[in-house]
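Notes for the one structure printed next.
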Amino acid sequence: MAGPAFRAAAVRVRVPATSANLGPGFDALGLSLGLYDDVVVRVAESGLHIDIAGEGADTLPRDESHLLVRSLRTAFDALGGQPRGLEIVCANRIPHGRGLGSSSAAICAGIVAARAVATGGPERLDDAALLELATEIEGHPDNVAACLFGGFTLAWTETGAARAIRMEPAPGLVPVVFVPGKPVLTEAARGLLPRTVPHVDAATNAGRAALLVEALTRRPELLLPATEDRLHQEYRASAMADSVELVARLRAEGVPAVISGAGPTVLALTEDGSVAKAERIAQAAGAGWAANRLALDLSGAVVLPLGGNGSDPDPHTRAEQAHHRSGQGQ
Ligand SMILES: Nc1ncnc2c1ncn2[C@@H]1O[C@H](COP(=O)(O)OP(=O)(O)O)[C@@H](O)[C@H]1O
Ligand SMILES: [Mg+2]
């Protein structure tokens with residue numbers, strides 16, 4: 355197949371924050387959250403120009419080592435060829451190194467944008483291929499599945515290939531995140547996990563993870579037992595003592611709470627009536643926890659029209675009502 359031609363027009367991609375693990379669903383379950391990074395990509399005559407506003411504006415590289423650029427390059431290779439030049443504008447809102455999937459968001463933004471600027475992109479790279487590419491770059495499929503497809507996702511690897519299904523989260527769910535000021539990089543948090551665990555802990559987690567699928571989709575009243583984890587959270591306590599303690603405090607008061615991804619953000623899966631309660635408990639915990647109440651994101655990564663007409667949603671606050679991918683599976 356000859357290499358792709360590229361559209362002259364810019365494309366705008368919006369990608370959600372995601373929370374992986376959700377307690378017992380280590381490296382498998384993911385939830386897509388209504389907090390977004392926006393990226394505009396335009397194919398240019400030559401060179402690489404990157405503009406960054408918001409999170410990471412002072413720290414991220416502006417060259418080929420930028421994670422979004424590496425992801426664009428990987429996807430262009432998969433599409434059959436690189437464009438001559440690239441202009442990229444990033445508006446970042448997802449905090450970095452907090453367990454809210456900023457690395458996945460950057461990766462998914464890159465591969466979705468690459469597919470959108472290449473003519474015939476979706477024929478050359480279908481959604482299953484996108485998931486595979488994103489998983490290769492990220493190293494695990496849980497966040498990227500939620501980021502690409504939205505809603506509540508279950509990802510796994512089968513004969514070497516990443517797979518995922520998307521489920522509809524129960525509509526009354528209100529995710530509340532407590533984001534600490536300091537990052538913990540995912541690689542560091544992964545290093546704290548033991549090589550083996552007691553059989554009873556593995557068995558408990560398997561049961562709770564199965565229960566969590568029912569609780570998150572249909573019976574939120576079961577979320578407290580369904581979010582119990584024995585495989586990773588306690589082992590990471592030395593890297594995020596305040597977070598593990600806040601999870602324990604919230605759970606002791608009946609609020610289903612977990613470490614978000616590799617931490618240190620704490621995610622409470624509240625329902626409308628218990629948001630205030632979660633906020634009160636966090637305030638009492640005294641480590642300066644600020645609650646951020648988020649919408650569920652049901653769409654995942656989307657290519658949006660450029661410009662400010664009425665069909666261009668406010669990416670920061672909008673909760674997606676309609677989604678276009680129910681029953682997604684690769
Ligand atoms: N929008 C972005 N653009 C470029 N690189 C990013 C972006 N977001 C995250 N990254 C990279 O990913 C790192 C954080 O990834 P990680 O440790 O997995 O934490 P997180 O839980 O936020 O995904 C950042 O330090 C940065 O190198
Ligand atoms: Mg990450």
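Per the numbering used here, residue 355 is the first one in the sequence shown, and the count goes up by one each step. Built from N, CA and C at the ideal position, the CB exists for glycine as well. Model, not experiment: these values are computed from the prediction.
Placement of the Cβ of residue 616 at a distance of less than 7 Å from at least one heavy atom of ligand 1 is found. Non-local C-beta neighbours of residue 495 in its own chain, meaning closer than 6 Å and more than five positions away in sequence, comprise 489, 509, 516, ordered along the chain. Comparing alpha carbon positions, the residue from 372, 360, 359, 362 closest to residue 649 is 372. Close CB contacts of residue 499 within its chain, under the 7 Å cut and outside five residues either way in sequence, are with 384, 485, 507, 509, 518 (chain order). Inclusion of residue 444 in the 7 Å shell around ligand 1 follows from its C-beta lying nearer than that to a non-hydrogen atom of the ligand.
Per DSSP, residue 450 lies in no beta strand (DSSP E) and is assigned neither H nor E. Assignment of beta-bridge partners to residue 360 by DSSP yields 472. Contact annotation, residue 658 with residue 396: C-beta distance approximately 14 Å; criterion of less than 8 Å not satisfied. One Cα belongs to residue 573, the other to residue 524, and the distance between them is close to 8 Å. Under the rule that a run must span 4 or more residues, the alpha helix (DSSP H) segments found entirely inside the segment 459-528 read 475-478, 481-492, 496-503. Out of 481, 561, 362, the CA that lies nearest to the CA of residue 582 is found in 561. Take the alpha-carbon of residue 442 and the one of residue 463: they are about 11 Å apart.
From the listed residues 638, 575, 594, the smallest Cα separation to residue 527 is found for 575. Apart from sequence neighbours up to five positions away, the residues of its chain that approach residue 416 with a beta-carbon distance below 6 Å are 404, ordered along the chain. For a cut-off of 8 Å, the C-beta gap from residue 546 to residue 590 is around 5 Å, short enough to register as a contact. Put simply, of 556, 609, 378 the residue whose alpha carbon is nearest the alpha carbon of residue 631 is 609.
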